[in-house]
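Quick note: the sequence shown uses our numbering, first residue 21, plus one each step. Note sheet for the following structure.
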Amino acid sequence: MRRTPMLPDETTPNEVTALTGQPVTRMTRDGVDYVILGTAHVSRASVEAVNALLDTEHFDAVAVELCASRAHGIRDPEAFKQMDLFQVIRQGKAGMVAASLVLGSFQKRLAAQYGIEPGAEMKAAMDGADARGIPVWLVDREVGTTLKRAWRSVGFFQRFGLLAGMLGSVFEREDIAEEDIEKLKQSDLLESAFSDFAKGSAPLYRALIAERDEFMAAKLREYGDRMDPAAPSRKVLVVIGAGHLKGMSAELANQHGHPQALSDELAVTPPAAKWPKFLAVGIVLAIFAVIGFAFYRNPSLGKEALLNWVLLTGGLSALGALIAGAHPLSIIAAFVAGPVKPFRPGIPSGAVSAMVEAWIRKPRVVDFEQLRDDITHWTGWWKNRVARTLLNFFLVCIGTIAGEYIAGIHIIRSLL
21 MRRTPMLPDE TTPNEVTALT GQPVTRMTRD GVDYVILGTA HVSRASVEAV
71 NALLDTEHFD AVAVELCASR AHGIRDPEAF KQMDLFQVIR QGKAGMVAAS
121 LVLGSFQKRL AAQYGIEPGA EMKAAMDGAD ARGIPVWLVD REVGTTLKRA
171 WRSVGFFQRF GLLAGMLGSV FEREDIAEED IEKLKQSDLL ESAFSDFAKG
221 SAPLYRALIA ERDEFMAAKL REYGDRMDPA APSRKVLVVI GAGHLKGMSA
271 ELANQHGHPQ ALSDELAVTP PAAKWPKFLA VGIVLAIFAV IGFAFYRNPS
321 LGKEALLNWV LLTGGLSALG ALIAGAHPLS IIAAFVAGPV KPFRPGIPSG
371 AVSAMVEAWI RKPRVVDFEQ LRDDITHWTG WWKNRVARTL LNFFLVCIGT
421 IAGEYIAGIH IIRSLL
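Listed below in C-alpha cells is the structure:
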C-alpha cells in the first residue's frame, strides 16, 4: 500500500496552475488507485481543481463527500418544493428539517456575501463524472444520521448550547469575517456550524468528523471491492473537504475489518437515552399525584390545582403559538394540546398546533420558492408560511415544557 503527496512533475502545466495550493494525496488500497483531492467548500479554486483533474487524467469512478439526500439537493435545488409539510410534522421530522434549513441559511449567507456557492466543487465532480459516463460514488453518511448521532452524543446541558448556537446563526446579521472564511476552507461545514462546541467536546467531534472519516474510508473500500479486478485500470477521484483529507486518508490506509460491516455500524442511529423521558414522566405523575392529594384534602383545593395546571400548561403553549404568529385556531389547538400532553405519549403539543397551522394556512408555491432566501433573515421565519409552521412547532413545545414545570412548582407550593 502506498500513500504519497502529488509532486509537481506528476502534473501537466494546466494542472499545476489549477492545483496550486490545493492538497492532493495519491494512494493505493486493495489494488485501487485513489487520487484524493481536499477541497474548500467555499472556494472557486476547488471547482477548477476538480475540473483540471478530470480533464487531464482518466478515472473509472468519482467519489464525493455527499450522502444521497445532499447529492439530490445539489443536483436538484428545487426538490425541497415537493416537501409535504403536513407529513413532515406528522412523522416527527420537523426538527431535522428545521436543522437542515438553519445550516442552509448559513450557506446562503456565504453565497450572498462572497458570491460563493458551497458545494459547487461537488456538483462539478458529479457533472464531470456524468459527462464522461463514469459512476458517482456517494460515500458520506446521511446528514440526518450524523446530526442525530451528534445530538445524542452530548449531555443535556450541551444540547441547549447547540440549540442556542443554531438559533444564534439565524439571528446573527454581521458579515462573516475573512478569517472565518479561511477557517471554513480547512474544516468541515458541519464542524464549522458547531465549531465552538466541536472543539471542546470529544463525543461531538467524533460524531461530526472522526466517524465520517471512518465511514467514508469504509465506503470507498466497499465500492472498490465491487470494481472488476480484470479491468485495465481501477482509478478513482475522491473529492472531499480539506478538513477530512488527513483523517480519511489515514483510515483508508490503515482500516481493517469488513468495509460494509463498518459502514453499517456507523450508519445506525443510537437509541435515545431513556432517563430524560422517565424523568419527565415521573415529574408529571408526581404532579398529578399532588393534584389527587389536593382533591383528597379539599375538593375546592383540588379544582384550583387542576385549573392551575390547565391554565399554565395551556396558556404557555398558546403563548408559544402566539409568538410564532400562528392562526387563532392553531393557538386554540396549542392551548388544548398542552394540558393533555401527558396522556398522548409520542405526540408533542407542538405537532398538534403545527398540523392545524399547516392545514389552515397551506404553504403556497411562493413560500417554498423563497424559503431558502427568507430564512437567511430572522424576520423571514415569520414571513414564510413553511418556516413559521416549523417555528410554531418548536415554540409550542417549549411553552408546554415550561408550563409543566411552572405549574408543578406552583401546585406543590400551594399545598405546603
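A virtual CB, placed ideally from N, CA and C, is assigned to each residue, including glycine. Computed from a prediction, not measured in an experiment: that's the story for all the values here.
Buried/exposed call for residue i, threshold 16 Cβ in 10 Å
i: V406; result: buried
i: I380; result: exposed
i: Q107; result: exposed
i: E234; result: buried
i: Q280; result: exposed
i: P291; result: exposed
i: P368; result: buried
i: D393; result: exposed
i: I429; result: exposed
i: S253; result: exposed
i: G489; result: Since the first residue of the chain shown is 21 and the last is 436, residue 489 is not available in this structure.
i: P319; result: exposed
i: G302; result: exposed
i: S434; result: exposed
i: H276; result: exposed
Which listed residue (the options) has its alpha carbon closest to that of residue i
i: L305; options: V288, W329 and P279; result: W329
i: L299; options: W402, Y425, V67 and P368; result: Y425
i: K339; options: F414, T59, A88 and K168; result: Residue 339 is actually Leu in this sequence, not Lys. For L339, the nearest C-alpha among the options comes from F414.
i: A251; options: V44, T45, G51 and R46; result: G51
i: C87; options: A422, V259 and I429; result: V259
i: V416; options: E68, S373, N318 and H430; result: S373
i: P359; options: T333, D233, S434 and R64; result: T333
i: R95; options: L73, D150, H264 and K403; result: D150
i: R226; options: M268, D248 and L411; result: M268
i: E439; options: T165, R384 and P362; result: No answer is possible for residue 439: the residues shown for the chain start at 21 and end at 436.
i: A353; options: T420, V386 and S320; result: T420
i: D53; options: A371, T45 and P290; result: T45
i: D284; options: R161, V301, L167 and V386; result: R161
i: L436; options: L391, A314 and P383; result: A314
i: A371; options: I56, K113 and P319; result: K113
i: P249; options: D80, V55, L57 and G302; result: D80
i: L361; options: A346, S337, I343 and S320; result: The amino acid at residue 361 is misidentified as Leu; the sequence shows Lys. Nearest option by C-alpha distance: S337.
i: Q42; options: A262, V117 and Y243; result: A262
i: T289; options: K297, R172 and K382; result: R172
i: R152; options: P383, N71, R246 and E137; result: N71
Expected contact under 8 Å - CB spacing of residue i and residue j to nearest Å
i: V84; j: A145; result: 5 Å
i: N412; j: A341; result: 6 Å
i: L272; j: L224; result: The pair is not a contact, with the Cβ atoms about 24 Å apart (cut-off 8 Å).
i: L349; j: V386; result: With 8 Å as the limit, L349 and V386 do not qualify as a contact, their Cβ atoms being about 23 Å apart.
i: L257; j: L74; result: 7 Å
i: A170; j: L228; result: 5 Å
i: G335; j: F363; result: Actually they are not in contact, since the Cβ atoms of G335 and F363 sit about 18 Å apart, beyond 8 Å.
i: A344; j: L282; result: No, A344 and L282 are not in contact; Cβ-Cβ is about 43 Å, not under 8 Å.
Residue i in three-state terms, based on DSSP
i: E424; result: helix
i: D80; result: coil
i: L105; result: helix
i: K255; result: strand
i: T31; result: Residue placement at T31 is poorly supported in this model, since its pLDDT is 45, which falls under 50; the coordinates are not used for a value here.
i: L436; result: coil
i: T289; result: coil
i: D393; result: helix
i: T399; result: coil
i: V416; result: helix
i: M47; result: strand
i: L158; result: strand
i: I351; result: helix
i: V52; result: strand
i: L342; result: helix
i: H430; result: helix
i: G175; result: coil
i: A303; result: Before going on, a small fix: residue 303 reads as Ile here, not Ala. Correct three-state label for I303: helix.
i: G93; result: helix
i: G335; result: helix
i: I260; result: strand
i: G58; result: strand
i: P25; result: Unreliable positioning characterises P25 in this predicted model, as indicated by a pLDDT of 37, which lies under 50. The coordinate reading is nonetheless provided below. DSSP places P25 in strand when its eight states are reduced to three.
Contact check, residue i vs residue j, beta carbons under 8 Å
i: T409; j: A378; result: yes
i: I311; j: L326; result: yes
i: M236; j: H278; result: no
i: V156; j: R90; result: no
i: I418; j: I307; result: no
i: T59; j: A69; result: yes
i: I154; j: V82; result: yes
i: I395; j: W401; result: yes
i: K255; j: H92; result: no
Residue i at chain D interface by Cβ criterion, 8 Å
i: P359; result: The chain labelled as chain D is not found in the depicted structure, where only one protein chain is given.
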